[in-house]
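Read in order, the letters of the sequence shown are residues 0 to 326 in numbering that gives the first Met the number 0.
What follows is a single structure, written as structure tokens, with notes after it.
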Amino acid sequence: MKQVSFGSDWPVPLTLSLVLLILSFWSPPLCEAHLQDRIVAIVNSELIMLSDVKREFETEQERLSRELRGSDLAQRLKTAEYMALTKLIERRLQLQEAKAKRVEVSDLEVKQALEQMKRQGNPLDIANPEHVRSVRDQLLLMRVVDQHIRGNITVGDSELKRYYQEHRNRFALPEEYHLSQIIMQPRSPDGLADALLKARRAMDELKRGEKFEDVAMQYSDGANALQGGRLGWVRQGELLPVIEQAVTHLVPGGISDIIESPEGIQIIRMDDRKPKQFRPYEDVRRELQELVYRQKSEDMYQSWLVELKNKAYIEIKFQHDGGTARR
0 MKQVSFGSDW PVPLTLSLVL LILSFWSPPL CEAHLQDRIV AIVNSELIML SDVKREFETE
60 QERLSRELRG SDLAQRLKTA EYMALTKLIE RRLQLQEAKA KRVEVSDLEV KQALEQMKRQ
120 GNPLDIANPE HVRSVRDQLL LMRVVDQHIR GNITVGDSEL KRYYQEHRNR FALPEEYHLS
180 QIIMQPRSPD GLADALLKAR RAMDELKRGE KFEDVAMQYS DGANALQGGR LGWVRQGELL
240 PVIEQAVTHL VPGGISDIIE SPEGIQIIRM DDRKPKQFRP YEDVRRELQE LVYRQKSEDM
300 YQSWLVELKN KAYIEIKFQH DGGTARR
């Protein structure tokens, strides 16, 4: 018999030592175990059966079996089985808490949820007691989480501003380039050599000091040739990768080398560039509220799960050597 202490420093969903203990003793994988049902965990006074884990794990098992083979599959199956059991334990703890707090869901609410899911194309059988129980449990889980967490969260301006400063890159606007181009567009596969020759002549004139606009009007096949090849402002990320790579290092007035791209043979001039800027705080305040609220909700939820686990009796049973892990 092995005992594992679930102390206050136990991270969600289980401490690493328990993870390793489960994975090392849980062999063969649950999906390969004996066909008869058996107890795999006790959560306070409630049992979790092997069949419960198999149901929870079924979809993931099918996916992994399609994608992996051999030892990789075996290891991933063990991990996925552990995650399925962990989820079942956490769900059972939350439902027990809902019962202790007298959280209830009416038959009408369950019926309405089932009908809504059916309208959305979910193939649930309203007459199936298991489906009804599953939906009721989901509604109970949402309600108990709602009561324990969402009503206790406040988000102040100081938190929003701190998050904004710590995550400024999340609100960055891409750098902008003002560009002009000279482009030669081959009329046929055999015309590529002619286009390259024309581009080299244009580049020679630019190196001799000719104005870019004049060279563009003389050589460019682009629709903007008469405007000196002016393209206007474009944002970083909007250009073809080969063009982006060629111009990103240019300073205003700088001219690229000859570029071969899917659009043709190009020479690009950087006319001007705007450095990366950030969306103003006031413009993103509502978005910040949602982000901070979501983060605080998740943090509080995980802390609550740890609290539920720390005060619970959890015994995980292993078939391999009859060992158990207890809290």
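Note that beta-carbon positions come from the ideal geometry of N, C-alpha and C, so glycine has one too.
| task | Can you grab the Cα-Cα spacing for the pair E314 / S50, in whole Å? | result | 17 Å
| Element boundaries [alpha helix (DSSP H), containing G221] | For G221, no alpha helix (DSSP H) run applies, since DSSP gives it neither H nor E.
| What are the uninterrupted segments assigned as alpha helix (DSSP H) that are 4 or more residues long and contained completely in the segment 148-207, given in chain order? | Look at the segment 148-207 and you find these whole runs of alpha helix (DSSP H), each 4 residues long or longer: 156-165, 191-206.
| query | If you drop the 5 nearest sequence neighbours on each side, which residues of the same chain put their C-beta closer than 8 Å to that of L67? | reply | R75
| query | Roughly how many angstroms separate the alpha carbons of L20 and F56, rounded to a whole number? | reply | For L20, the pLDDT reaches just 32, beneath the cut-off of 50, and the residue's location in the model is therefore unreliable, although a value from the coordinates is still provided. Taking the straight line from one Cα to the other gives about 20 Å.
| query | Can you give, in chain order, each stretch of the alpha helix (DSSP H) that sits fully within the segment 68-108 and has at least 4 residues? | reply | As far as the segment 68-108 is concerned, its whole alpha helix (DSSP H) runs of at least 4 residues are 69-99.
| request: Counting only the same chain and skipping the five closest in sequence on each side, list residues whose C-beta sits under 7 Å from that of I152. | output: Y292, K295, S296, M299
| query | Considering L49, what are the terminal residues of the alpha helix (DSSP H) in which it resides? | reply | 49-66
| Who pairs with S260 in a beta bridge, going by DSSP? | G263
| query | Tell me, which residues are paired with G273 by DSSP? | reply | Position check: residue 273 holds Lys in this sequence, whereas Gly was assumed. Paired residue(s): E175.
| query | At which residues does the alpha helix (DSSP H) containing L307 begin and terminate? | reply | 284-309
| So what does DSSP say about E45, is it helix, strand or coil? | strand
| request: Report yes if the CB atom of Y312 is closer than 8 Å to the CB atom of N43, and no otherwise. | output: yes
| Who does V233 pair with in a DSSP beta bridge? | Y176
| Presumed contact (8 Å Cβ cut-off) between V246 and S260, rounded CB distance | At roughly 12 Å, the Cβ-Cβ gap does not stay under 8 Å, so V246 and S260 are not in contact.
| request: List the endpoints of the continuous beta strand (DSSP E) containing I313. | output: 313-316
| said: Quick check on R118: does DSSP put it in helix, strand or coil? | reply: The three-state reading of DSSP puts R118 in helix, counting H, G and I together.
| DSSP three-state call for V250: helix, strand or coil? | Coil.
| Closest by C-alpha distance to K110, when choosing among Q244, R167, V134 | V134
| Close-in-space but distant-in-sequence residues of the same chain around L92 (CB under 7 Å, 5 per side omitted) | Counting only Cβ-Cβ distances below 7 Å, and skipping sequence neighbours, we find V42, L307, K308, A311.
| query | Looking only at DSSP bridge pairs, what is I38 linked to? | reply | M48
| By how many angstroms is the C-alpha of I38 removed from the C-alpha of K316? | Rounded to whole angstroms, the separation of the alpha carbons of I38 and K316 is 7 Å.
| Top-ranked residue by Cα proximity to S179, from G227, A198, G155, L195 | G227
| Inter-residue spacing [alpha-carbon to alpha-carbon] between W232 and E103 | Taking the straight line joining both Cα atoms gives about 59 Å.
| said: Nearest by alpha-carbon distance to I257: which of P251, M82, D270, V241 is it? | reply: V241
| request: Just confirm the distance between the C-beta atoms of I264 and L205, as a whole number of angstroms; I'd bet it's less than 8 Å. | output: Under the criterion of beta carbons closer than 8 Å, I264 and L205 do not qualify as touching, at roughly 14 Å.
| query | Straight-line CA distance for E80 to G69? | reply | Each residue's CA atom was taken as its position, placing E80 and G69 some 17 Å apart.
| On the three-state DSSP scale, how would you describe R142? | Residue state, collapsed to three classes: helix.
| field | C-alpha gap between L140 and M269, whole angstroms | value | 57 Å
| Pair within 8 Å by beta-carbon distance, A400 and L138 | Only positions 0 to 326 of the chain appear in this structure, which leaves residue 400 out of reach.
| Same chain only: Cβ atoms within 7 Å of Y162, ignoring 5 sequence neighbours per side | L287, L290, V291
| said: According to DSSP, simplified to helix, strand and coil, what is R332? | reply: With the chain represented from 0 up to 326, any question about residue 332 goes unanswered, as that position is not in the structure.
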